[in-house]
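Residue numbers (the numbering used here): 1125 to 1348.
We put the CB at the ideal spot given by N, CA and C, even for glycine.
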Amino acid sequence: MEKELSKLYEKMQQVTNKHIWIKEAPKAIPKVGDVESKLIDIAKIYNDIKIDYAWSCIANNLNIEQSINMIYNYVENEERAFYITGEFRKIILSSSVVASSIIAYIMGRVVYENRKCTHEEIIITNALTEMTDFDIENFRYFVDECVETIGDYETINIRKADKEKMDSYKYTLHTLVSHGIVDTESGIMDGTAMYAGFHYIKTNLCTELLKYIDIVEQILDYGK
1125 MEKELSKLYE KMQQVTNKHI WIKEAPKAIP KVGDVESKLI DIAKIYNDIK IDYAWSCIAN
1185 NLNIEQSINM IYNYVENEER AFYITGEFRK IILSSSVVAS SIIAYIMGRV VYENRKCTHE
1245 EIIITNALTE MTDFDIENFR YFVDECVETI GDYETINIRK ADKEKMDSYK YTLHTLVSHG
1305 IVDTESGIMD GTAMYAGFHY IKTNLCTELL KYIDIVEQIL DYGK
């Protein structure tokens, strides 16, 4: 595995070699003391766990070495190298093992199908970088329990939800709206009736995100 990763890293450097700062960046990282170093090592454990789960989702039915070689063959130009490095960065920055694993799964599908990522996939992975396990749980609750049809819209109605969790639900909705996973409307027409007020609208991206959550939780058997 180490050999395959080294080859992949070297190829990444080759296709992005016009960016000199990539080669110089390691020199700019200062040395830290023993205490800081230990704290970094502790934090690294969480990243190691996320990366381990991520490789499981990238590989899916392949072994890890095969999946690394698949990425190696995929990275044939700078654009694809930027995509791969960007998605790995999202995995590291993610605050949720499930969220980071979904990012990895989507990237794995793009690589396996040897294609460009879609706009929708980027929207979803961008949102996932800011979603915690609480947000994943809340999102599933929204689409499973809170969807109401009004006219041509499927809305998310949290008014009857647990009042003690209302703040948490609102935080999650804010994240989903800011990334376009959920839309908003002020006033909805249903035939001749007008439903006034502020409404959260379920988009097609909600369906896609829920599908990815289900797939990844089956792959990881997460929380079982």
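Beta-ladder partner(s) of residue i, from DSSP
{"i": "Asp1307", "result": "Ile1325"}
{"i": "Glu1272", "result": "Thr1279"}
Given residue i as reference, the closest of the options once Cα atoms are compared
{"i": "Tyr1207", "options": "Ile1246, Thr1299, Ala1178, Asn1171", "result": "Ile1246"}
{"i": "Tyr1170", "options": "Met1194, Ile1195, Ile1215", "result": "Ile1215"}
{"i": "Met1194", "options": "Glu1237, His1303, Glu1254, Ile1305", "result": "Glu1237"}
{"i": "Thr1299", "options": "Gly1275, Lys1289, Asn1262", "result": "Asn1262"}
{"i": "Ile1192", "options": "Ser1224, Lys1168, Ser1130, Thr1242", "result": "Ser1130"}
{"i": "Asn1376", "options": "Lys1174, Leu1132, Glu1128", "result": "Since the displayed the chain opens at 1125 and closes at 1348, residue 1376 lies outside it and no answer follows."}
{"i": "Glu1134", "options": "Val1199, Leu1333, Ile1226, Asp1286", "result": "Val1199"}
Short Cβ contact (9 Å threshold) for residue i with residue j
{"i": "Asp1307", "j": "Ile1325", "result": "yes"}
{"i": "Glu1278", "j": "Glu1272", "result": "yes"}
{"i": "Thr1296", "j": "Phe1258", "result": "yes"}
{"i": "Ile1350", "j": "Arg1264", "result": "This structure does not reach residue 1350, given that the chain is present from 1125 up to 1348, and the question cannot be answered."}
{"i": "Ile1382", "j": "Gly1232", "result": "What the structure shows of the chain is the stretch from 1125 to 1348, and residue 1382 is not part of that stretch, so it cannot be assessed."}
{"i": "Ile1343", "j": "Asn1187", "result": "no"}
{"i": "Glu1309", "j": "Thr1249", "result": "no"}
{"i": "Phe1266", "j": "Tyr1293", "result": "yes"}
{"i": "Ile1175", "j": "Leu1333", "result": "no"}
Whole-Å CB distance - residue i paired with residue j, under 8 Å assumed
{"i": "Ile1305", "j": "Ala1251", "result": "5 Å"}
{"i": "Val1222", "j": "Glu1341", "result": "7 Å"}
{"i": "Tyr1177", "j": "Ser1224", "result": "7 Å"}
{"i": "Glu1128", "j": "Glu1189", "result": "5 Å"}
{"i": "Thr1242", "j": "Ser1218", "result": "About 20 Å; that fails the 8 Å criterion."}
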